[in-house]
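Student: I'd like to ask you about the structure that follows.
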Amino acid sequence: MKKFLIIANWKLNGNFYFINKNINLIKKKIDNLLSFCDLSIAPPYLYISYINNFLKNTSISLTAQNVDIHTEGSFTGEISINMLKDVGVKYVIIGHSERRLYHNEDNNLISKKFILIKNNGLIPIICLGETEKQKEQNQTEKVCIQQINNILENSNINILNKTIIAYEPIWAIGSGKSANINEIEKIILYIKKYIASLDAKIAENIYFLYGGSVNYSNLDIFLKKKIINGLLVGKASLTTENFISLVKKAEKIINSLNRS
């Protein structure tokens, strides 16, 4: 049985005070309770190594928010895949709408990052999603599949094996509005069926996440859809007491669903 994956994406937030207080709190109140969920923290780069010292001998993993396509050289300000491996990272988020929007990252660059991450033994989390305009024009499926095809054009179907696809409608991120659950299910199922048409076994080995204004109050609707294997949690992960409650709620709901 797949464990439900919850990733706390801190984005550009946090400091030593926040980490010292909250990582210890998460360890104390969550680590020993995780039976049905896997938990990963995605802090700013600067704190990854520091947090890794806190998380040793726990079941909580580390996620990087980005990576460069180069492994070394004169690339000021960048972080390589080897550096991420060196400090204990397990997952790497790529293709997030904020990277696409503010850093002009296109599908071709993101596909190179995906392949680099996979070929170096870490697990890529590629974010797919549509803008509000694309949604209004009924282009969601086309946009998401094109982002996958860019990866396949630079590699082959095997590169998708045991990776993570996060559906994140761009218009929902940070807006306080999450997509309609039936729409989410429809889009993820469409993506999965498309991959299954190329290789059914690989489609079953992919984790499908949802991200976009996920919080304690709307958590239930995502957990009850079997097509959704996890969540990317942004703003709701920054208030630690509330985030702990969110993870505990997920554990309780999944346990109940497994028994029913």
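Here the numbering used here runs 1204 ahead of the position in the sequence shown, where the first position is 1. Just so it is clear, CB atoms sit at the ideal spot from N, CA and C, and this is done for glycine as well. Since the model is a prediction, treat every value here as computed from it, not as a measurement.
(1) Would T1267 and V1296 be called neighbours here (beta carbons separated by less than 8 Å)?
(2) Contact check, I1406 vs L1364 under 8 Å by CB: the rounded distance?
(3) In angstroms with no decimal places, state the Cα-to-Cα distance between A1454 and I1448.
(4) What are the boundary residues of the beta strand (DSSP E) that Y1295 is part of?
(5) Do you know offhand how far S1441's Cα is from F1258's?
(6) Quick one: measure Cβ to Cβ for L1237 and K1390, integer angstroms, because I've assumed they're closer than 8 Å.
(7) Closest to I1154 by CA distance: which of A1370, N1311, I1349 and L1305 is it?
(8) Would you be able to state if there are at least three C-beta pairs under 8 Å between the segment 1408-1425 and the segment 1352-1368?
(9) V1347 by DSSP, collapsed to three states: which one?
(10) For the alpha helix (DSSP H) holding Y1398, just list the boundary residues, first then last.
(11) Smallest Cα separation from G1438: which of E1372, K1225, I1349 and T1275?
(12) DSSP three-state call for T1444: helix, strand or coil?
(13) Could you name the residues of the same chain whose beta carbon sits closer than 8 Å to that of I1321, not counting the 5 residues immediately before and after it, in chain order?
(14) Quick one: is G1277 buried, meaning 16 or more other Cβ sit within 10 Å of its Cβ, or exposed?
(15) For the alpha helix (DSSP H) containing S1315, name the first residue and the last one.
(16) Mapping the DSSP letters down to three states, classify S1253 as helix, strand or coil.
(17) So, at 6 Å on beta carbons, what are the nonlocal neighbours of E1282 in its own chain, with the 5 sequence-adjacent residues on each side left out?
(18) What are the start and end residues of the alpha helix (DSSP H) that includes L1288?
(19) Compare the beta carbon distance of K1294 and S1265 with 8 Å and say whether it is the shorter of the two.
(20) How should L1305 be labelled, buried or exposed, when 16 other C-beta atoms within 10 angstroms of its C-beta is the threshold for buried?
Tutor: Quick look at the numbers:
(1) For the purposes of this step, residue 1267 is taken as the residue at position 63 of the sequence shown. For the purposes of this step, residue 1296 is taken as the residue at position 92 of the sequence shown. Yes. Within cutoff.
(2) Taking the first residue of the sequence shown as 1, we reach residue 1406 at position 202. Taking the first residue of the sequence shown as 1, we reach residue 1364 at position 160. About 5 Å; that satisfies the 8 Å criterion.
(3) On the sequence shown, position 250 is the one that residue 1454 refers to. On the sequence shown, position 244 is the one that residue 1448 refers to. When rounded, the distance between both Cα atoms is 10 Å.
(4) Taking the first residue of the sequence shown as 1, we reach residue 1295 at position 91. Element bounds for Y1295: Y1295 to I1298.
(5) Indexing the sequence shown from 1 puts residue 1441 at position 237. Indexing the sequence shown from 1 puts residue 1258 at position 54. Cα to Cα, S1441 sits roughly 18 Å from F1258.
(6) Counted from its first residue, the sequence shown places residue 1237 at position 33. Counted from its first residue, the sequence shown places residue 1390 at position 186. About 33 Å separates the two Cβ atoms, so there is no contact after all.
(7) The chain is shown from 1205 up to 1464; residue 1154 falls before or after that span and cannot be answered.
(8) yes
(9) As a position in the sequence shown, residue 1347 is number 143, starting the count at 1. V1347: helix per DSSP, three-state reduction.
(10) Along the sequence shown, one-based indexing puts residue 1398 at 194. Per DSSP, the continuous alpha helix (DSSP H) segment holding Y1398 begins and ends at I1385 to L1402.
(11) As a first step, residue 1438 must be located in the sequence shown, where it is residue number 234. Nearest option by C-alpha distance: E1372.
(12) Along the sequence shown, one-based indexing puts residue 1444 at 240. T1444 falls in the helix class under three-state DSSP.
(13) Along the sequence shown, one-based indexing puts residue 1321 at 117. V1271, I1285, V1296, I1298, I1327 and P1328, listed in sequence order.
(14) As a first step, residue 1277 must be located in the sequence shown, where it is residue number 73. Looking at its Cβ environment, which holds fewer than 16 other Cβ atoms inside 10 Å, G1277 is exposed.
(15) As a working note, residue 1315 is residue 111 in the sequence shown. Where S1315 is concerned, the enclosing alpha helix (DSSP H) stretches over N1311 to N1323.
(16) Along the sequence shown, one-based indexing puts residue 1253 at 49. Helix, per DSSP.
(17) Translated into positions along the sequence shown, residue 1282 becomes position 78. Only D1272 meet the Cβ criterion.
(18) Here residue 1288 corresponds to residue number 84 of the sequence shown, with the count starting at 1. First-last of the alpha helix (DSSP H) with L1288: I1285 to D1290.
(19) As a working mapping, residue 1294 is identified with position 90 in the sequence shown. As a working mapping, residue 1265 is identified with position 61 in the sequence shown. Against a cut-off of 8 Å, the Cβ pair of S1265 and K1294 comes out as a contact.
(20) Position 101 of the sequence shown, counted from the first residue, corresponds to residue 1305. So L1305 counts as exposed.
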